[in-house]
Amino acid sequence: MSYDLAVWEGERPADAKAATRAFTDLYERYIDTDEEHPPAERIAAYVAALLERWCDLTEDEEDSSPWSTGPLIREARGPLLYFPMRWSMAEEASTYAAALADSMGLVCFDPQQNRLRP
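Numbering-wise (my numbering), the sequence shown opens with residue 1486 and increments by one.
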């Protein structure tokens, strides 16, 4: 079981309903397609910052990474990063990921609860 987060570039939506619409639009445009979209520069920098805190799953020899997929950068498409993390580490990792996104001027959205974070 995994816990997913979405992080993207752009204006922070006014409320959860607008965030859900924005996420759905981005998902359909960048994830649910066969088209290739290299990660935007700020999203790539965000992934790099996450990997400074916890190693990539592909390099995790001590079972300490919260990510459920690797390499993590593969989950980045254009202005959107939609990524899963292990349920057992989701609270700590998602709290950190949301705060990091906020500090970098990115939007963080929890698709399980249809709410903005933090």
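Backbone N, C-alpha and C fix where the C-beta goes; we use that ideal spot for every residue, glycine too.
Item: Could you check what DSSP says for L1511 in three-state terms: helix, strand or coil?; Value: helix
Item: Are the beta-carbon atoms belonging to A1583 and L1490 less than 9 Å from one another?; Value: yes
Item: Give me the residue from E1520, L1542, L1535, P1551 with the minimum Cα distance to A1586.; Value: L1535
Item: Could you tell me whether any non-hydrogen atom of the ligand ADP is closer than 8 Å to the CB of R1497?; Value: For the ligand ADP, the structure offers nothing, since it holds no ligand at all.
Item: So, with DSSP's three-state summary, where would you put A1525?; Value: coil
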